[in-house]
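Notes follow once the structure below has been shown.
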Amino acid sequence: MAMLLKLNISETKPLRRGSEWFWSVLLQKTANGQTATFKDLDGASEPYQEDAITLFLKRMVAAGYVSRSAERPWRYTVLKRQPNYPMVTRDGSPSKMGLAQQYMWNVMRRSPQGFTVTELATSASTDDVVVGIEVARGYVVQLERAGVLKLLTKKKAGQGGRHTHVYALPGSQNTGPKAPRIHKASVVYDPNLQTIKGDVVAEEDRT
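Take any residue in the sequence shown, note its place counting from 1, add 15, and you have its number in my numbering.
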């Protein structure tokens, strides 16, 4: 069996890269009706983010959230201001990525009496986003392990004496409208010293 490690993370710090970071910088730079440039975003981000910034700006223009000046040096104006990064695909069309988790979180927040995995999947599904049972179960298990959800009890479900887990979101864990996100990290572990080498960088699981 592979070795398992339990990490105690006391502090987290978002890296200055990725679409959400670029969007926050763009909002900041244009807060007073100003325009922003590629250099503005590049200067406020981690090194070697030029390609990512270029793709981000293309997506925002294609989606209609940002406009670009007709002549160089290109200056960008935010047309649709919103605090959260607007999820779009490469061609600028709306992306459904992350919606399943957000819809499940919305259901959890308005279900003080608790819910089963099946109830969660059904209530979170819409005409555009169908939340499968396994997707809901995976998300619930992750949140329960992290202490976000509480296992209330078990209740009868059908014949044969089977039981179904009932989960609830405690008020102390209802931290806000944004859904908790699942991140994965790769670490370097020294078994001789039983320590982690270097910083732990976790990336959001987009699967």
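Ideal Cβ placement from N, Cα and C applies to all residues, glycine included.
Would a C-beta distance cut-off of 8 Å place Val40 and Ala59 closer than the cut-off? Translated into the one-based positions of the sequence shown, residue 40 becomes position 25. Translated into the one-based positions of the sequence shown, residue 59 becomes position 44. For Val40 and Ala59, yes; Cβs fall inside 8 Å.
DSSP on Val122, reduced to helix/strand/coil? Mapped onto the sequence shown, residue 122 falls at position 107. If DSSP states are grouped into helix, strand and coil, Val122 belongs with the helices.
With 16 other Cβ atoms within 10 Å as the buried cut-off, status of Asp55: Here residue 55 is taken as the residue at index 40 of the sequence shown, counted from 1. Looking at its Cβ environment, which holds 16 or more other Cβ atoms inside 10 Å, Asp55 is buried.
What residue from Lys212, Asn47, Val93, Glu219 has the CA that sits closest to Ile197's CA? In the sequence shown, residue 197 corresponds to position 182, counting from 1. Looking at the Cα atoms, Glu219 is the closest of the given residues.
Three-state secondary structure (DSSP) of Ile24: Position 9 of the sequence shown, counted from the first residue, corresponds to residue 24. Coil, per DSSP.
To the nearest angstrom, how far is the alpha carbon of Ala183 from that of Leu135? Here residue 183 refers to the residue found at position 168 of the sequence shown. Here residue 135 refers to the residue found at position 120 of the sequence shown. Those two C-alpha atoms are separated by around 11 Å.
Specify whether the stretch 94-106 and the stretch 115-132 touch according to this definition: at least 3 beta carbon pairs, one from each stretch, less than 8 Å apart. no
Inter-residue spacing [alpha-carbon to alpha-carbon] between Leu94 and Arg31: Counting from 1 along the sequence shown, the entry for residue 94 is found at position 79. Counting from 1 along the sequence shown, the entry for residue 31 is found at position 16. Each residue's alpha carbon lies about 23 Å from the other.
Tell me, please, whether the stretch 183-194 touches the stretch 148-164 by the rule of three or more beta-carbon pairs shorter than 8 Å. yes
Nearest to Tyr63 by CA position, among Gly162, Val202, Trp89, Gly33, is which residue? Indexing the sequence shown from 1 puts residue 63 at position 48. Ranking Gly162, Val202, Trp89, Gly33 by Cα distance to Tyr63 puts Gly33 first.
Pick from Ile148, Arg83, Thr210: whose alpha carbon is nearest that of Gln49? Residue mapping note: residue 49 aligns to position 34 of the sequence shown, counting from 1. Answer by Cα proximity: Arg83.
Runs of alpha helix (DSSP H) lying entirely within the stretch 87-160, each at least 4 residues, in chain order: 114-124, 132-139, 148-160
Which of helix, strand or coil DSSP assigns to Thr222: Numbered from its first residue, the sequence shown carries residue 222 at position 207. Caution applies to Thr222, whose pLDDT of 47 falls short of 50 and renders its modelled position unreliable; the value that the coordinates give is listed next. Of the three classes helix, strand and coil, the one that applies to Thr222 here is coil, per DSSP.
I'd like to confirm the pairing. Which residues does DSSP put opposite Asp57 in its beta bridges? Working through the sequence shown from its first residue, we reach residue 57 at position 42. Paired residues: none, contrary to the question.
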